[in-house]
Amino acid sequence: MNIYDVIAKLPFPKQQYIKYRFNLWYDTNKTMTEEEFLKTVNKKTMNSFHKWERTDEFKNIASMVLATKTAQDLIDMYEAVRDKAVKGDEKAVKLLLTLQKEIEHHKQQALKAFGNIVEQEEEDDDLEL
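In structure tokens:
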């Protein structure tokens, strides 16, 4: 399950707020003022959204958003450090090795998550043997 799957389960105003708050539009160059956002969701103030930000639901969604962005940051850092390491920068070589360990850790977590998804799909296939 990715962040867009989670967002899709929310009511429309909350979907839009998450996209607005974290710039998760499919067109990432899209910018929207607060007034434009409020018009989109047919609200007059941001009060209900600010209140919602203090809930566990919002905090969990925010954690997923940040995890997604962290993954992209890790990719960007890896590529930048790798370029320096290839050119012989000793600090970059050490950092690259550290990043590779971190990436391996994330890979193991992803494999566990995907393993759970596959197991759930196998359980839910309703096939009789």
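The sequence shown lines up with residues 1 to 129 when you count with UniProt numbering. Glycine included, every Cβ here is placed at the ideal spot set by N, Cα and C. Predicted, not measured: the structure shown is a model, and the values here were computed from it.
Inset, instruction - Leaving out five residues on either side along the sequence, give the residues of the same chain with a beta carbon under 8 Å from the beta carbon of K19. - result: I7 and W25
- DSSP state of Y26, grouped into three classes? coil
Grouping DSSP H, G and I as helix and E and B as strand, with all else coil, what is T31? coil
| request: Answer with buried or exposed for F12, where buried requires no fewer than 16 other C-beta atoms within 10 angstroms of its C-beta. | output: exposed
If you check the beta carbons only, do M32 and T45 fall under 9 Å apart? no
| field | Residue burial classification, Q109 (beta-carbon count within 10 angstroms, cutoff 16) | value | exposed
- Flag this pair as yes or no: are the beta carbons of N23 and K14 separated by less than 9 Å? no
Using a Cβ distance threshold of 8 Å, determine whether the stretch 75-84 contacts the stretch 92-107, with at least three qualifying pairs required. yes
ask   = Which class does V118 belong to by DSSP, given the choice of helix, strand or coil?
value = With a pLDDT of only 48 at V118, under 50, the local geometry of the prediction cannot be trusted, and the value read off the model is given with reservation. Correct three-state label for V118: helix.
Classification of Q100 by the beta-carbon crowding that lies within 10 angstroms, buried from 16 upward: exposed
Short Cβ contact (9 Å threshold) for I3 with I61: yes
Excluding five sequence neighbours on each side, which residues of the same chain lie with their C-beta closer than 6 Å to the C-beta of F37? Y20
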